[in-house]
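Those protein sequence lines, which keep their order, are chains A and B.
Letter by letter, the first sequence follows residues 1 to 212 in my numbering.
Letter by letter, the second sequence follows residues 1 to 409 in my numbering.
Note that the Cβ used here is the ideal one computed from N, Cα and C, for glycine as well.
Comments concern the structure below.
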Amino acid sequence: MKKFIGLLCWLGFSCQALELTVKDTQGQPLVGAAVWLEGKQWSVNDISLSQQYNMGQKDRNFTPHALIVPQGAKVDFPNFDSILHHVYSFSEPKAFELKLYRDKPQAPITFSQTGVVELGCNIHDWMLGYILVVNSGVFGLTDINGKVNLPLMENQLGTTTLKVWHERYENLDKPESKQLNIVQTNQKIQYQLQQPLLDKLDFLTDETDGYE
Amino acid sequence: MNKRVTVIGSLFFLFANQSYAVEGQLHGLVEISAHDRSEQKSWTAGGWGMSRFGTQSNVLNISRGVLEGRVDLSSAWSGHAVAQYVPDQNDKLGFTEAYVNYQPLSKRYQFRSRIGAFYPRMSLENPSLGWSSPYTYQYSAINAWIGEEVRTFGAEFEIKRPARRFRSKYDISFLGALYKGNDPAGTLVAWRGFTPHDRQSVINERVQFAPLYALMAPQLAHQGQYVEPFSEVDGRFGYYFGTHIGYLKKHTLRLYWYDNNGDPSVLNRNTQQYAWDTKFWSLAWRSKLSKQTQVIMQAMVGNTAMGARRGVDNDFNSWFVMLSHTWQNYRVSGRLEQSKVIDKDFWEFDPNNSETQAATLNIRKQLNKQWQLGFEWQYLDTRAEFRPPVGRDAQQQETLYRATAKYQF
Chain A
1 MKKFIGLLCW LGFSCQALEL TVKDTQGQPL VGAAVWLEGK QWSVNDISLS QQYNMGQKDR
61 NFTPHALIVP QGAKVDFPNF DSILHHVYSF SEPKAFELKL YRDKPQAPIT FSQTGVVELG
121 CNIHDWMLGY ILVVNSGVFG LTDINGKVNL PLMENQLGTT TLKVWHERYE NLDKPESKQL
181 NIVQTNQKIQ YQLQQPLLDK LDFLTDETDG YE
Chain B
1 MNKRVTVIGS LFFLFANQSY AVEGQLHGLV EISAHDRSEQ KSWTAGGWGM SRFGTQSNVL
61 NISRGVLEGR VDLSSAWSGH AVAQYVPDQN DKLGFTEAYV NYQPLSKRYQ FRSRIGAFYP
121 RMSLENPSLG WSSPYTYQYS AINAWIGEEV RTFGAEFEIK RPARRFRSKY DISFLGALYK
181 GNDPAGTLVA WRGFTPHDRQ SVINERVQFA PLYALMAPQL AHQGQYVEPF SEVDGRFGYY
241 FGTHIGYLKK HTLRLYWYDN NGDPSVLNRN TQQYAWDTKF WSLAWRSKLS KQTQVIMQAM
301 VGNTAMGARR GVDNDFNSWF VMLSHTWQNY RVSGRLEQSK VIDKDFWEFD PNNSETQAAT
361 LNIRKQLNKQ WQLGFEWQYL DTRAEFRPPV GRDAQQQETL YRATAKYQF
């Protein structure tokens, strides 16, 4: 995302960004929430499509754990481990499988349908990753402080629909929505979730869980 | 070959009505070890020593070499083979495992089957390449015995409820297997006793043991001074059942019931091998106390018998507790263990009571992705009632030191 902002600055656009803070129902900052803006002015654009999107596998985990991409984006699946991963998805927007040997990258996969793509590995069944495919060119994931900066151009003001999604939602296919009126590109906005989150599942894996 | 070699077969062939490119991968390791050898000749050379490297061994040797290959035949089918080189006895080369794996993609419950020759997954101590241990060089006596006398030659079926797919904290799976060819398992328990080591047997291997007084008795005139642990003697199927339960990958439990269903009255006069009726429970537990520290335990209790009137009939039990801690590029592991063989039969010329106690300490450092250097100390105290009939002390102590450099790709 930093690269994205840098590119916009280089192109002479405003470097300002909408600062969004997401909190859970308890009022605590929420890390890993995916947010995006929907509407004509905020729709998928060439710049966001031309970004490099990677869903890697490292130390038998997906990295990043969640990835948000614009509709039509191509995603690479680099394997940084020395072992084979058998990555698959049964999800409606994109069902696929890839056997990923180290040093033998597969062709990127194009995600042309919006929605949540849940990734698994058939060899390491604790591995879980998400790719969110959104109909937007303005999107991001919240950091450890629940914050995300969404860079906006001067013409991206007005009334938009803010979408917020988190992997601990009961129903993963239903992001929360809120109407937003953006009056300036460096606006600060807080969003509090409307639903309680499921328990966090913190799997503890290391090399003693098998080398295969 | 400083990295995994990816083999891209140029062949295409039909499999399950679909055409797939044959792809696979090859991993391997070489262990170069320096030993402070035991003062006895090891059982692998037909001696009385209870440690793997004895007077017959070189001070410096390649203690083990492993090549492990995987070939993907389709989305669900893959072929696996593990080849092993060990210097003892006489530069032995062979396969420890060779099987096909069927594991179709699934949304919820996971089905898996293995067909061929493979290890039952009772151990939590041997998760590394070629069934080696990331903790100590010499495995606990329980898993050393599994490595030398227990192998499945048949089919295993598993149904698993993976935690992630059910948004649950618990992994649960049930396994069962039917197999042949593991009839003489138990021979070493009776006539050598339990001992910690890392000498895995290869398929079709013949493992020696010491020239026991009992073998001169007419009742054992047809028993060789060796075991062919994976041979078929009685023509009957054996089986095992198991369950694996995990909690967030922090706590793992594996429980198995193994019964080779051997008919102890059957003898193969050509190979001089009896079918042993061997059955046991194995319970393994691992808890990660933190990201760095884990404790591993395993216990086994069972019985093994041979002869038409169960002339050899022994109960056995064994347990170990191990603590392992990682720190920077180091791993330190310590293990305590005890094993017992309890003679229940009426053959007084063949005493099988034995007891093994051992303490093992290992420290290893990962130098880079390929190289690892480590040092191991082991104190081994054994008492065996089959020693005095040949004029040896029942009690025997050995202290072993071993430095190993491991290269893995």
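{"Query": "For N352/B, the nearest candidate out of T360/B, K340/B, I363/B, L361/B (CA to CA)", "Result": "K340/B"}
{"Query": "CB contact check: R254/B to chain A, cutoff 7 Å", "Result": "no"}
{"Query": "Burial state of K344/B (16 or more Cβ within 10 Å)", "Result": "exposed"}
{"Query": "7 Å Cβ cutoff, W165/A in contact with chain B", "Result": "no"}
{"Query": "Cβ of S361/B within 7 Å of any chain A Cβ", "Result": "Position check: residue 361/B holds Leu in this sequence, whereas Ser was assumed. With 7 Å as the cut-off, L361/B does not count as an interface residue toward chain A."}
{"Query": "Neighbour list for L197/A in chain B, Cβ cutoff strictly below 8 Å", "Result": "Those within 8 Å of L197/A in chain B number zero; the least Cβ separation is about 12 Å."}
{"Query": "E23/B in three-state terms, based on DSSP", "Result": "strand"}
{"Query": "Host beta strand (DSSP E) of I62/B (start-end)", "Result": "60–72"}
{"Query": "7 Å Cβ cutoff, W36/A in contact with chain B", "Result": "no"}
{"Query": "Straight-line gap, W36/A to P70/A (C-alpha atoms, nearest Å)", "Result": "10 Å"}
{"Query": "The region 385–398 of chain B contacting the region 368–376 of chain B, beta-carbon criterion three pairs below 8 Å", "Result": "no"}
{"Query": "Inter-stretch contact (C-beta, 8 Å, three-pair minimum) for the region 44–55 of chain B and the region 69–80 of chain B", "Result": "no"}
{"Query": "Three CB pairs or more closer than 8 Å across the region 202–209 of chain B and the region 226–239 of chain B", "Result": "yes"}
{"Query": "Identity of the residue in E68/B, T187/B, I142/B nearest G24/B by Cα", "Result": "E68/B"}
{"Query": "Exposure label - F346/B; buried when at least 16 CB within 10 Å", "Result": "exposed"}
{"Query": "Residue range of the unbroken alpha helix (DSSP H) whose run includes S48/A", "Result": "46–49"}
{"Query": "Residue-level contact to chain B via CB, F77/A, 7 Å cutoff", "Result": "no"}
{"Query": "N-terminal and C-terminal residue of the beta strand (DSSP E) that A155/B is part of", "Result": "152–161"}
{"Query": "Within chain B, partners of G120/A - CB distance below 8 Å", "Result": "R164, R165"}
{"Query": "Pick from P151/A, N145/A, L201/A that is closest to G27/A, judged by C-alpha positions", "Result": "N145/A"}
{"Query": "Short CB-CB distance (under 7 Å) between F203/A and chain B", "Result": "yes"}
{"Query": "One or two residues paired with M300/B in a DSSP bridge", "Result": "S282/B, S318/B"}
{"Query": "CA-to-CA distance, L119/A to S290/B, given in whole angstroms", "Result": "27 Å"}
{"Query": "Endpoints, beta strand (DSSP E) assigned at E118/A", "Result": "115–121"}
{"Query": "Contact the region 120–135 of chain A vs the region 58–78 of chain A: 3+ CB pairs below 8 Å", "Result": "yes"}
{"Query": "Residues of its chain near P162/B, where Cβ-Cβ distance is below 7 Å and the 5 sequence neighbours each way are ignored", "Result": "Q110, D171"}
{"Query": "Backbone CA spacing between N314/B and H244/B [nearest angstrom]", "Result": "28 Å"}
{"Query": "Inter-stretch contact at 8 Å, needing at least 3 Cβ pairs: the region 124–143 of chain B / the region 98–112 of chain B", "Result": "no"}
{"Query": "Closer than 7 Å to chain A by CB, P211/B", "Result": "no"}
{"Query": "Contact residues within the region 70–81 of chain B, judged by C-beta distance below 8 Å to chain A", "Result": "R70, D72, S75"}
{"Query": "Neighbourhood of T326/B by C-beta distance below 6 Å, restricted to the same chain and skipping five residues each side", "Result": "Q292"}
{"Query": "Counterpart residues of E337/B in DSSP-defined beta bridges", "Result": "F320/B, A358/B"}
{"Query": "Helix, strand or coil at P151/A [DSSP, three-state]", "Result": "strand"}
{"Query": "S133/B versus V138/A - alpha carbon distance", "Result": "49 Å"}
{"Query": "Assigned exposure category for C9/A - 16 Cβ within 10 Å defines buried", "Result": "Low local confidence applies: a pLDDT of 48 at C9/A is under 50, so the model's placement there is unreliable, with the coordinate-based value given in what follows. So C9/A counts as exposed."}
{"Query": "From N303/B, R335/B, R331/B, residue whose alpha carbon lies closest to that of V321/B", "Result": "R335/B"}
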